[in-house]
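Chemist: Handing you a structure now.
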Amino acid sequence: MKAEFYDVKLRQSVVAEITEKVTYGEGKQVRYAFRAKTADGRNLTKFVKKEDWENASV
276 MKAEFYDVKL
286 RQSVVAEITE
296 KVTYGEGKQV
306 RYAFRAKTAD
316 GRNLTKFVKK
326 EDWENASV
């Protein structure tokens with residue numbers, strides 16, 4: 276599955292293949308995110324809504 280990420284180094288949005296779904300935090304403060312890699316190997320992270328995170332097939 277592909278998603279749009281913001282590449283800080285290039286300062287623009289890029290489309291990349293999602294490599295994993297991750298959560299950050301504990302208890303009430305849980306944040307949901309997608310992780311991906313650029314063509315040159317840099318990591319990308321995009322925080323998403325819980326519904327989008329649950330519906331994504333990775």
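Numbered per the working numbering, the sequence shown spans residues 276 to 333.
Virtual Cβ for every residue (Gly too), placed ideally from N, Cα, C.
Could you check whether Lys296 and Val333 sit closer than 7 Å to each other, using their CB atoms as the reference points?
Modeler: Yes, these two residues count as a Cβ contact at 7 Å.
Chemist: For the ligand FAD, any of its heavy atoms closer than 6 Å to the Cβ of Glu326?
Modeler: With respect to small molecules bound, the structure shown includes none, and the ligand FAD cannot be examined in it.
Chemist: Could you work out which residue in Asp327, Glu292, Glu279 and Ala314 is closest to Tyr307 when comparing CA atoms only?
Modeler: Comparing Cα-Cα distances from Tyr307 to each of Asp327, Glu292, Glu279 and Ala314, the minimum goes to Asp327.
Chemist: With Asp315 as the anchor, note down where its beta strand (DSSP E) starts and where it stops.
Modeler: Note, Asp315: premise wrong, no beta strand (DSSP E); not H, not E.
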